[in-house]
Amino acid sequence: MLFPKDVVARLFDRSGWDKKQKTFTVIGKLFSLACLVLIILTPLRIGSNTFIIGTSLYALGLVGLVVALFDFKNTPLGQPVARGLYTVSRHPQILTLFVLFLGICIAIGSWLALLLLAVSKLFQHFGILAEEEACLRQYGDSYRAYMKRVPRYFLFL
0 MLFPKDVVAR LFDRSGWDKK QKTFTVIGKL FSLACLVLII LTPLRIGSNT
50 FIIGTSLYAL GLVGLVVALF DFKNTPLGQP VARGLYTVSR HPQILTLFVL
100 FLGICIAIGS WLALLLLAVS KLFQHFGILA EEEACLRQYG DSYRAYMKRV
150 PRYFLFL
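Residue numbering for the sequence shown follows numbering that gives the first Met the number 0, starting at 0 and increasing by one per position.
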C-alpha cells in the first residue's frame, strides 16, 4: 500500500519466465507455505538461547527487508536497482527474507522447519536466475556490469 502500483508491478513481474522457472518457483513457494504453517503451529521457546538467537536474526532480517524494499522503491523504473543493500547483494529481499525465516525457525527450535526453509530456497534459486535473465534483457550491459560487481547472495556468487 505504501508503494506506487508501477513499483509493485515491477516487483512481481514474471513475464519472460519459462515454464520450468515458474514451476520451480511455485514448488518453492509451497515449501515456504508449509514452513510458515509449521512455524504458526509450533510454540516459541521463550527464554531459551535459541529463542534469543532466532529473535535477533528475525529482527535483522526484518530491518534488512524493509531497507531493501525502499531501495527498490526509490530506484527509477528505467534503471536496474543498484543502491543501498543492492550494492552487497543482487537479491537482498530474498536474502533478508531468508534471514528472517531462519530466525523464526531457530526461535521455535524446529529442524523440520529449517529443512522446509532450505528446500524452499533451493527451488527459489531458479526464480532468481529467471529474474537475472529478465534484467539482462531489460537493462543489457548496465546489468551485466552490475552482475560482475555484486555477488548474487551477499558474500558468495
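We put the CB at the ideal spot given by N, CA and C, even for glycine.
C-beta contact flag for residue i and residue j at 8 Å
| i | j | result |
| --- | --- | --- |
| L56 | V98 | yes |
| G60 | P91 | no |
| G27 | Q123 | yes |
| V149 | R82 | no |
| L43 | I107 | yes |
| A117 | L37 | no |
| S109 | F30 | no |
| L94 | F2 | no |
| L84 | A67 | yes |
| G46 | I103 | no |
| G144 | W16 | Looking at the sequence itself, residue 144 is Ala, so the reference to Gly does not match. No, Cβ-Cβ distance for A144 and W16 is not below 8 Å. |
| V80 | T74 | yes |
| L96 | A33 | no |
Classification of residue i by the beta-carbon crowding that lies within 10 angstroms, buried from 16 upward
| i | result |
| --- | --- |
| S14 | exposed |
| Q78 | exposed |
| V25 | exposed |
| F71 | buried |
| G126 | buried |
| L76 | exposed |
| L121 | exposed |
Terminal residues of the alpha helix (DSSP H) in which residue i lies
| i | result |
| --- | --- |
| N48 | 48 to 72 |
| T86 | Run containing T86: none; DSSP gives neither H nor E here. |
| F125 | 110 to 138 |
| F30 | 18 to 40 |
Any non-hydrogen atom of the ligand SAM within 7 Å of residue i CB
| i | result |
| --- | --- |
| C104 | Among the ligands in the structure shown, none appear at all, so the ligand SAM cannot be discussed. |
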